[in-house]
Structures are given as C-alpha cells and as structure tokens.
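Student: Take this structure first; my questions come after.
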Amino acid sequence: MKLFNVLLLLVFLCSTQTAASYTQETDKLALIEIKNQISIHPYRIMSSWNDSTSHCEWQGVSCSRQHRRVTMLNLSGQGFSGSISPQIGNLTFLRFISLQDNKLYGEIPQEIGRLFRLRYLNLTNNKMTGEIPANLTFCSELRVIELGSNKFSGTIPRQIGLLTNLERLILPRNKITGQIPRSIGNLSALKQFFIGDNNFEGRIPDEIGKLRSLTFLGIAINKLSGILPPSLFNISSLTTTRRYGLTLPNLRQFGIGINKFNGTIPASFANASQLQLLDLPLNDFEGKVPTNLGNLQKLQWLNLEFNHLGSNSSGDLDFIPSLRNCSNLYRLFFDGNNLGGQLPNAVGNLSNQLMRLGIGRNQISGPIPDGIANFPNLILLGLEGNLFSGPIPDYMGKFQNLRAIYLWGNQLSGHVPSSLGNLTSLYNLYLQNNRLEGRIPSSLENCQNLEVLDLSNNNLEGTIPQEIFNISGISMSLNLFHNSLTGPLPVEVGKLKHINGIDISNNKLSGELPGSLVDCSSLEYLNLQGNFFEGSIPLNLASLRGIQFLDLSRNNLTGEIPDDLGKLQSLQYMNLSFNNLEGQVPTVGAFRNVNTISVSGNSKLCGGIPELQLPACPLQRKNKVKSVALKVTPPLSTVLLIFIILTILYVLHRKKDARKDSSEMPSPSTPLRMKKLVRLSYSDLLQATAEFSSENFIGSGSFGSVYRGSLEQLGNKTIAIKVLDLEKNGASKSFKSECEALRSVRHRNILPLLTYCSSIDFRGREFKALVYEFMENGNLDSWLHPESFEMTRSRTLSLLQRLKIAIDVASALQYIHNHCDPTILHCDLKSSNILLDSDLTAHVSDFGLARLLPKSSQNSSQIQSSSIGIKGSIGYIPPEYGMGGKVSIQGDVYSYGILLLEMFTGKRPTHYMFRDSFDLHNYVKTSIPEQVLKIVDQCLANEEHIHIKEMEDEIGTDRLENLLVSILRVGLRCSERSTRNRIPITCVTKELHLIREAFLGVRINRINSIKSLTQ
1 MKLFNVLLLL VFLCSTQTAA SYTQETDKLA LIEIKNQISI HPYRIMSSWN DSTSHCEWQG
61 VSCSRQHRRV TMLNLSGQGF SGSISPQIGN LTFLRFISLQ DNKLYGEIPQ EIGRLFRLRY
121 LNLTNNKMTG EIPANLTFCS ELRVIELGSN KFSGTIPRQI GLLTNLERLI LPRNKITGQI
181 PRSIGNLSAL KQFFIGDNNF EGRIPDEIGK LRSLTFLGIA INKLSGILPP SLFNISSLTT
241 TRRYGLTLPN LRQFGIGINK FNGTIPASFA NASQLQLLDL PLNDFEGKVP TNLGNLQKLQ
301 WLNLEFNHLG SNSSGDLDFI PSLRNCSNLY RLFFDGNNLG GQLPNAVGNL SNQLMRLGIG
361 RNQISGPIPD GIANFPNLIL LGLEGNLFSG PIPDYMGKFQ NLRAIYLWGN QLSGHVPSSL
421 GNLTSLYNLY LQNNRLEGRI PSSLENCQNL EVLDLSNNNL EGTIPQEIFN ISGISMSLNL
481 FHNSLTGPLP VEVGKLKHIN GIDISNNKLS GELPGSLVDC SSLEYLNLQG NFFEGSIPLN
541 LASLRGIQFL DLSRNNLTGE IPDDLGKLQS LQYMNLSFNN LEGQVPTVGA FRNVNTISVS
601 GNSKLCGGIP ELQLPACPLQ RKNKVKSVAL KVTPPLSTVL LIFIILTILY VLHRKKDARK
661 DSSEMPSPST PLRMKKLVRL SYSDLLQATA EFSSENFIGS GSFGSVYRGS LEQLGNKTIA
721 IKVLDLEKNG ASKSFKSECE ALRSVRHRNI LPLLTYCSSI DFRGREFKAL VYEFMENGNL
781 DSWLHPESFE MTRSRTLSLL QRLKIAIDVA SALQYIHNHC DPTILHCDLK SSNILLDSDL
841 TAHVSDFGLA RLLPKSSQNS SQIQSSSIGI KGSIGYIPPE YGMGGKVSIQ GDVYSYGILL
901 LEMFTGKRPT HYMFRDSFDL HNYVKTSIPE QVLKIVDQCL ANEEHIHIKE MEDEIGTDRL
961 ENLLVSILRV GLRCSERSTR NRIPITCVTK ELHLIREAFL GVRINRINSI KSLTQ
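Residues in the sequence shown are numbered from 1 upward in steps of one, following UniProt numbering.
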C-alpha cells in the first residue's frame, strides 16, 4: 500500500512539473479534443466552439481574468453523447467541472489526476462505466465529488482518505461493490456521504464515527451487514437524510432499509429527540422492539417491516402502548415479522393522525380491537396473514378516507358488514381466505372506486347481488370463487365493461350463461368452472377478442361447441371439460392446439384433432348432406358457371388496379407487400418531427434513431418514427426484415407498423423510415432499470403488472411462432424491445433481425444458418447461436426465459456479477427456492408502489415465495442450455396464466395440477 502511494506521488509530481509549461493554446487544443469526443450535441451548444471567437468565450467555458486559462467547464443538461477526452487533464487551471444530466459513456480518464486545482466534479446522471480512478485523489483541493446515477463499478479507492478537504462524496445508484474503506474516517471536512443503491457489503467501519462534520449519511439499498457501530451514535452533527440517513442526537430521519443489518434495534434511538422518521425495513434485525420508542415525541414514520422481530410470544407487542406519546405518528408498519400475542386495545391510544397501519404477516391473534376505530384518517389498513378471529367490526365503515383493506388470510367469521358500503374512497377490498358467512351486502354498490373485490375462499351463500355489477370502477378483478353462492349469474354482469378478470368458480350457481358477458369488452380472464350452469355456450362469447383464459369446465352445459371460439386470437387456455357437450369438436384456431384446449369428460363429443383421441363423428350426417347436394346439382352448375365468370372478371380488374397502384409502391427491391398504406415522403416526416428536433428525439437503437411526431395523414395522432442510419452495416437489411415480418401481422401485443417511407432527402441521399404507433410508457428496460431514484419511485412495476407483461410477450411469441405463415422468429427479444402503452400493455417491437420460417420446414423448427454473425443481443443470445447453431423457435424461447428472469430479479443479464459460466440463469437456479426473496427485485417491496402485502395473495399457508419460485422456474426452463429441455411457448403462456390466477386468489392446488403440463 505504501509503495503504491509513493508511485502515485511520483506520477503526480511529474504531471505537475509538466503542467507548468501549459499555455492558453494548450487549453484551446484540449477543448477542441473534448468537442471531438462528443458524437451528439442536440442543442448545438458547441457550435460556438470555433476560431471566430476566443476559447474563453465559448459557451460553457469560463477563464481566469489574469492568465486567461480555463477554470470552469459547465456543460450540464445538454444531451451530450460521447466520452470524456483524456485531454481534459491538460486544463490544469480547472476548478469546476459539471457534466451531469447528459449521456456520456466510457471511463473517467486517468489524466484527471493532473487537475491539482480542481474543487468540484459532477458527472451525475450519465452512462459512465469503469472504476473510480485512484488518480482522482491527486486532486487534493477537491470539495465535491458527485458521480451518482451512472454505471460505475469496482470499489471506492482506499486512497480516498487523502482528500482531506472533501465535503461531499455522492455516489448513489451505481454498481459499486466492496466495503466502505476505513480511510473514510480521515475526511474530517466531510458533510455529506451518500452511497445508497449500490452493492456495498460488510460492516460500516467504526472510523465513520470520526466524521464530526457529517450531516447526511445515505446507505440504504446495499448489502451492508453486521451491527450498527456504536461510534455512529457519537456524530452529533447529523441532522437529516430523507430516506437514506442516520442522525444522532439531532437525528430527524434514519433510513437504512434493504440491507442485511442484524442484531437488535438499538435502544439509543430513544435519545434522538428530534427524530421524525425511523425506517429499517428488509434487514435482519431480531429480538424485541424497544419499548422506549415512545420518547420520540416528534416521530411521524415508523417502519420495521420484514425483519425477524419478535418470538411469537405474548410480550412481542409491548412497545405499542409507549407509542401513544408520538402525537404526530401517521405511518406505522411492522409487517412480515414474527410478532405474536394479541393486538392490545391500547393501539387506539396512538395518534389520531395515523393514516397507514400495516401489521400483516405476523402471528397476531385474537379479535380486531375496537381501538382501531379511533383513527378517522386511515388510508390503508393491513391486518392480513395473521390469526385474527371474530367478526369484522362495523366501525370499519367510519373510515371515509380508506382506500385499501387487507384482512385476508385470517380466521375472521360472521357477516361481511354492510357498513363497508360507506367507504366511497375504497380501491381494494381483500377479505379472502377467512370464515365469513352470510350474504354479500348489496351496499357495496356505493364503493364506486373499487378496482379489486376479493371475497373468495369463504362460506358466503345466497345469490350474487345485482348491485355488485353496478360498481363501474372494478377494472382489475372480481373474485368470489370457492363459496356457496347460488342462483343465476345476473345479466347485469355486462356492466363491468372495464374489468380484467372474473372468477366465480366452485360455487353452486345455476341457470344459463348470460349473453351479456360479451359486453365485458376488456375481459381477459373468465373462470366459471365448478358450478351448475346449463344450456348452451353463448355464441357471442367469440366476440371477447381480448380473452386469454376461459374455463367453463365442471358444469352442465349442453349443445355443440361454437366454431368461432377457436378464432379468438388472444386465447391461451380454454377448458370445456366435464360438461354434457355434444357434436363435432372444431378444428380451427385454438382447437388445433392440444396444449390450449381441454374437452375431456364430454362423452358425446367427436372428431377434432387426432391428439384429443376422440371417436370419429358418424358418417350418417355426411351421407345426408351428400344426398341433399345431389338433389340441387342442376342449379348449382349454373351458379358455378356464373361464379367462374365473375372470378375471371375480378382477377382482370385487380390486375388493372395493380398496374394503377404500381407507381405508389416501393421499388422491386423494397420488400413491402402490405395492403394500401399511406404514402409518405421525406418532407412529410421532416414536418411531422419539427425537422427531427431534439425535443422530439426519443432514443436510438442499433440501426437508427426514433422520433416522436404527428401526421395529418394518420389523423394527427402521436406516432413514433424510426429513421434508419443507412451508413450502418445491416440497416437496409433491418428495414427489409421488419417490413417482411410485420406486413401481415395483427396482434394486440405486437407493435403495429402503420406505414413506411422509402425516399430521398433534400441532399439526394437515400432515406428510409418506419412509422409505428406511439407507446406512451416507453420500453420495459427503462421501467426495470430506471436511471434515477426519482424514476424508481414513479416508475416501479408491481408483481401483477410484471406478470401481465410477461404473459403479453409470451402471447406475442406464441402468435408469431404458431399462428403466422410463414412463422416469424424475432431473434432479438430483450427488455428494450418491449414497449408499453398507456395501460402498460406490452408490445413486442424491433423485428429488424427477424427471420421467416416457412410452414413446410417447421418440423425442424429451424431456419438456415446465420452467416452474418450472431443474431441477438449480448446476454439474451442462446448459447447455440454462439457456437454457430441455426436460429430457431427455441432460440426465441431462450431469450424470453432470460427476459422473464430479468423482469423479476431486476438484474440485467449483462450485470457485472455475471462472468465466465456464472450467468443470470445460474444465479437464479442456485438461489431458489430458499433465497427467492433475496434475489427478487427489491423495488417490488417498495410500499410507495406495491407493498409486499399486495404481492402475497396468501392461500392457506402458502406464501409469496411459492408464486415467485413458480415464475422463476418458468424462466429457468425456457433458458436451459439444451434446446431439447426448453418448454414450448404454449406451455409457458398456460403456466403463467395459472400463476396469475393463483396471485388473484385461485386455489393453490390448481396451479400444482397445471404445472404437470410442462414437466
């Protein structure tokens, strides 16, 4: 270590000696080199960097008055793309560098260590990589280092302690690893130390207690472990940290969530008289909660959830009475621990300002105490997954501001209180998996904002109130399954026009299926199995174009199966088993796939595809049809002659139209054979995008850039225009591939190609562009890997949303693999090629590397060997492609599997931790089932978006882990190295649907039975 420092010092002395010979001309040449390294500068700030003016007058540049040397480089927020030139080290008078909020990539040049006058360095919110250079510690005058929201890796240099003037060290949202160096204790001037959302591990060093000037410490969302060092509590200067800080004794906010800190919660917190926020979730704290927390009279936020607190004993909740002194407390969470005993009625003595109370997933028993009635401002009440018994109190109807009630997974009995109908602000009502009885109260009609109503797995009886279907707000799910409900399904069900899922299976409902179901135009999931429904299957069910899961099994349905059901393009699973259906099973659409349909237990069915192993249909009907045909032969011959003449005339007319339209079609080399498209010119797109302005720039890809625009020819709706960079190798081929692949594709989960432009620009150069529907929510990658903490808070996908997106993508793959002729192979499936519309519906995009596979060659499921190199993106490419294998359907399945693992772990397949043979597949495989909650994307645990209580729809004793393990196992089976071991995409969609069903509350044994389909 000492030898290393000596060598660095020698380099430093040499560099400073050389710096003495630098001049104004040296500065100018360095600035020119910096400009040359910037490939994109959309705001043209560097247009002033030319010989017409002095370099000291260039925009973003400031010089000293005396020496006219560059002292400031302020180029923040200019949209730059490029790297930082090593020549920046020649600007030896620099004191201030601000390059934040750009798109810079590459590493920090080692030459920056020459800037011995530098005081301020800010590279926040770029795409920079590599390690923090140890040479940076030569800049002994540094006061501020801000490198947050990049992709820096490696460790903090041990020499950081040499920067004794440093006041701010800000490094959040990177990929930095290792331990916090002990030399940090030498930074006596340090006021702000922020390393949240990285991969730091180990203990916080005791030396941190030497930082007597520290006012802000941010360490949340890392892998730090051990106990909190006692020296930390000696830093009297700490004052505030928002979500990430520690402060004593002037502590206002203390947040160290999502780490691995263990031991007991220090009782010394009670000495922090100014404490307002105490946030310790998702750690390994154990033992009792300190009973002196009531000393924190200014406490507003207390979050202890998902630790190992308590011992399932009667004294675990002794801390609650002490909190009565916290008169400002509005948020209290201690979910997911091991707290036992009864919830004391003294809970009612807490602040009447309480808005959020979460105590779910513990071992708390006894009745729900009346004291909870004292919280008129409650917004969220979570008591789920405990052992609460007795009735649901009537006072629940008093909480006029309540938006979510979680009481599922208890032992509650009695009636569902009619007073719940007073909760007009309620969004989510989860009462499943209890022992509730009696009728469903019709007063729930007043809860017009309800999105989810789940009363499943209880003992409810009577008819379904018609009033329930007047709740216009129900958009996610209505779950009433596994009760004892009787009577018909009311025709009013058709009023739920925006609902996504209806499950009323395993009841005692009877009568005919109402045709009004077709009015539920957004329905994707319909489960009516296990009832006494009779009559025929309504013909108009085939109008439910978005339906993906349909289960009518185990009823008394009769008649024939409507042929049109097979034409539902979104359908992934249809179960008509164990009814009294008869006649010939259709062979169109979904009925051609044995993995999609089930018709067993209908003894009068016949025909269908051979895989169903049904008896052949009688020939009597065919003979009868033949005899009828013979009787009408003479008139038919006349009709046939007329038909032939009309056909000839039609063909001649079409040829004439084809010649007429030929001038509007692209040249023979252009692959488009789509039906009439709006013809566009370069001028049209130039006007639509305000001359391809930076304000309309969306992003760039492998073969070009994408812009937002609006065209009168397309109804002035917002569109996305992909402009091909034809100088890039493969761009023209990409244009052709995308057009060929999308010319006849029509699927709700594939990005629609609206039209194209193949023209000449104003300089006489070839110009090609593709025009798509605009997707308001961008691509999936930006949601899974947001670039800033603020985006993390506003752009987090819940487990249910991720599962729906996964199903959407699988549906698109199933369509292009099994229902297109020729079959389409995407060959570049990844998170950045999945676009999300305003409803977060997924659309697969970018078919620029797609290949077409004729139906005649599908037995091999392969296409010709790719001679142009590996097809796909690093991390998602199947291993056989890297060894020269042929592109195939199984290759797309592999990429999908990696994508699925990425969606639920939050880790890109190119994450720094994956090297050699250890990849994302092995990372997941070696961690489940025991460590599943450790590897799942921790954003799923962020209460601001979807609390874990909303993720774990517990059924009996099965927990969230079961659902996550089931999802990840699908991803693992898709991403097996051997193509033979990868499951078909049809099985993927089916299993994910059933996992989603379990998430929404269907019995757990159903998911186990369906798993056998892919084993």
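Idealized CB from N, CA, C, for every residue including glycine.
1. Does the distance from the C-beta atom of F481 to that of S510 stay below 8 angstroms?
2. Could you give the distance in angstroms between the alpha-carbon of G885 and the alpha-carbon of I874?
3. Compute the Euclidean distance between the alpha carbons of G494 and S442, then round it to the nearest angstrom.
4. I need the DSSP call for T486, collapsed to helix, strand or coil.
5. G382 and L357: beta carbons closer than 8 angstroms?
6. Among L99, L94, Q66, which has the Cα closest to the Cα of H41?
7. Use the C-beta contact count for residue 1042: other C-beta atoms within 10 angstroms, 16 or more gives buried, fewer gives exposed.
8. Taking the CB atoms as reference points, tell me whether A842 and L900 lie closer together than 8 angstroms.
9. Shortest alpha-carbon distance to K28 belongs to which of S39, I45, E57?
10. Opposite P909 in the DSSP bridges: which residues?
11. Assuming N362 and N338 make a contact with CB atoms under 8 angstroms, what is their CB distance in whole Å?
12. From L187, S705, A30, E207, pick the residue whose C-alpha is nearest to that of I88; which is it?
13. Quick one: what's got a C-beta closer than 6 angstroms to Q24's C-beta in the same chain, skipping five residues either side?
14. When you compare each of L960, Q613, S322, S553 to L800 by their alpha carbons, which one comes out closest?
15. For L187, collect the residues of the same chain with a Cβ closer than 6 angstroms to its Cβ; drop the 5 residues on either side in sequence, then sort them by chain order.
16. Once you ignore the five residues that flank L142 on each side, which residues in its own chain have a CB closer than 7 angstroms to its CB?
17. Got a sec? Which residues, its chain only, sit under 6 angstroms from F692 by beta carbon, not counting five neighbours each side?
18. For R324, tell me which candidate among D937, L528, P344 has the shortest Cα-Cα distance.
19. W783 by DSSP, collapsed to three states: which one?
20. Along the beta strand (DSSP E) that carries G607, what are the first and last residues, could you check?
21. Just to confirm before moving on: does the CB-CB distance between L513 and P538 stay below 8 angstroms?
22. Just to confirm, does I392 get its C-beta within under 7 angstroms of one of the non-hydrogen atoms of the ligand HEM?
23. How should T989 be labelled, buried or exposed, when 16 other C-beta atoms within 10 angstroms of its C-beta is the threshold for buried?
24. Just mark Q620 as buried or exposed, buried being the case when its beta carbon has 16 or more other beta carbons within 10 Å.
25. Could you check whether G154 and T124 sit closer than 8 angstroms to each other, using their CB atoms as the reference points?
26. Which residues mark the beginning and the end of the alpha helix (DSSP H) in which E683 is found?
27. Residue range of the alpha helix (DSSP H) that I32 falls in?
28. Rank L680, G487, I474 by C-alpha distance to the C-alpha of H498 and give the top, closest one.
29. For I824, write down the residues that DSSP places opposite it in a beta bridge.
30. Since I believe L557 is in contact with S536 (beta carbons under 8 angstroms), could you give me their beta-carbon distance rounded to a whole number of angstroms?
31. In terms of residues, what are the limits of the beta strand (DSSP E) holding I502?
32. Which residue's Cα is closest to the Cα of N458: L478, R851, L485, I471?
33. Along the chain, where does the beta strand (DSSP E) containing D279 start, and where does it finish?
34. Kindly list the residues whose CB is nearer than 6 angstroms to the CB of N506, restricted to its own chain and excluding five residues on each side of it in sequence; keep chain order.
35. Return helix, strand or coil for T755, following the three-state DSSP convention.
36. Run the CB neighbour count on V588, radius 10 Å, all protein chains shown included, and call it buried at 16 or more, exposed below.
Tutor: According to the structure shown:
1. Locating residue 481 in the sequence shown gives position 481, where the first residue counts as 1. Locating residue 510 in the sequence shown gives position 510, where the first residue counts as 1. No, the Cβ-Cβ distance between F481 and S510 is not below 8 angstroms.
2. Against the sequence shown, residue 885 aligns to sequence position 885. Against the sequence shown, residue 874 aligns to sequence position 874. Cα to Cα, G885 sits roughly 16 angstroms from I874.
3. Here residue 494 refers to the residue found at position 494 when the sequence shown is read from its first residue. Here residue 442 refers to the residue found at position 442 when the sequence shown is read from its first residue. Going by the C-alpha atoms only, they are around 17 angstroms apart.
4. Taking the first residue of the sequence shown as 1, we reach residue 486 at position 486. In the structure shown, T486 sits in a strand (DSSP, three-state: E or B).
5. Locating residue 382 in the sequence shown gives position 382, where the first residue counts as 1. Locating residue 357 in the sequence shown gives position 357, where the first residue counts as 1. The answer is yes: Cβ separation under 8 angstroms.
6. For this step, residue 41 is matched to residue 41 along the sequence shown. The shortest C-alpha separation from H41 is found at L99.
7. Residue 1042 lies beyond the stretch modelled for the chain, which goes from 1 to 1015, so this question has no answer here.
8. Mapped onto the sequence shown, residue 842 falls at position 842. Mapped onto the sequence shown, residue 900 falls at position 900. No, these two residues do not count as a Cβ contact at 8 angstroms.
9. Counted from its first residue, the sequence shown places residue 28 at position 28. Closest by alpha carbon: E57.
10. One-based indexing of the sequence shown puts residue 909 at position 909. Looking at the DSSP assignment, P909 forms no beta bridge with any residue, so it has no partner.
11. Taking the sequence shown and counting its residues from 1, one reaches residue 362 at position 362. Taking the sequence shown and counting its residues from 1, one reaches residue 338 at position 338. That pair is a contact at about 7 angstroms.
12. Walking along the sequence shown from the start, residue 88 turns up at place 88. Ranking the options by Cα distance to I88, first place goes to A30.
13. As a working mapping, residue 24 is identified with position 24 in the sequence shown. Taken in chain order, the residues that qualify are R68.
14. Mapped onto the sequence shown, residue 800 falls at position 800. Nearest C-alpha to L800: L960.
15. Within the sequence shown, residue 187 is the residue found at index 187, counting from 1. Excluding positions up to five away in sequence, the list reads L166.
16. Against the sequence shown, residue 142 aligns to sequence position 142. Cβ within range, chain order: L118, R119, L121, L163, N165, L166.
17. Reading the sequence shown from its first residue, position 692 is the one you call residue 692. Excluding sequence neighbours, F692 sits near Y707.
18. Residue mapping note: residue 324 aligns to position 324 of the sequence shown, counting from 1. Nearest C-alpha to R324: P344.
19. Stepping through the sequence shown from its first residue, residue 783 is reached at position 783. Correct three-state label for W783: helix.
20. Here the question's residue 607 lines up with position 607 in the sequence shown. Looking at the DSSP string, the run of the beta strand (DSSP E) that includes G607 is 604-607.
21. Walking along the sequence shown from the start, residue 513 turns up at place 513. Walking along the sequence shown from the start, residue 538 turns up at place 538. Taking 8 angstroms as the Cβ cut-off, L513 and P538 qualify as a contacting pair.
22. Judged by which ligands are present, the structure shown has none, so any question about the ligand HEM falls away.
23. Working through the sequence shown from its first residue, we reach residue 989 at position 989. Burial call: buried.
24. Position 620 of the sequence shown, counted from the start, is the residue given in the question as residue 620. Summary for Q620: the model assigns pLDDT 49, below 50, so the residue's position carries little reliability; its value from the coordinates is reported in the next sentence. Q620 comes out exposed.
25. In the sequence shown, the residue the question calls residue 124 occupies position 124. In the sequence shown, the residue the question calls residue 154 occupies position 154. No, the pair does not count as a contact, with Cβ atoms beyond the cut-off.
26. Locating residue 683 in the sequence shown gives position 683, counting from the first residue. In the sequence as displayed, the identity of residue 683 is Ser instead of Glu. Counting along the chain, the alpha helix (DSSP H) containing S683 begins and ends at 682-688.
27. Within the sequence shown, the letter at position 32 stands for residue 32. Residues 24-36.
28. In the sequence shown, counting from the first residue as 1, residue 498 sits at position 498. For H498, the nearest C-alpha among the options comes from I474.
29. As a first step, residue 824 is located in the sequence shown; it is residue number 824 there, counting from the start. Residue pairing by DSSP puts I824 in a beta bridge opposite L852.
30. Reading the sequence shown from its first residue, position 536 is the one you call residue 536. Reading the sequence shown from its first residue, position 557 is the one you call residue 557. That pair is a contact at about 7 angstroms.
31. For the purposes of this step, residue 502 is taken as the residue at position 502 of the sequence shown. 501-503 is the extent of the beta strand (DSSP E) around I502.
32. Within the sequence shown, numbered from 1, the residue matching residue 458 stands at position 458. With distances taken between Cα atoms, N458 lies closest to L485.
33. As a first step, residue 279 is located in the sequence shown; it is residue number 279 there, counting from the start. Segment 277-279, the beta strand (DSSP E) holding D279.
34. For the purposes of this step, residue 506 is taken as the residue at position 506 of the sequence shown. Closer than 6 angstroms at the Cβ level, and outside the excluded window around N506, lie F481, H482, G530.
35. Along the sequence shown, read from residue 1 onward, the residue named residue 755 stands at position 755. The answer is strand: DSSP assigns T755 an E or B state.
36. One-based indexing of the sequence shown puts residue 588 at position 588. Classification of V588: exposed, given that the 10 Å Cβ count is below 16.
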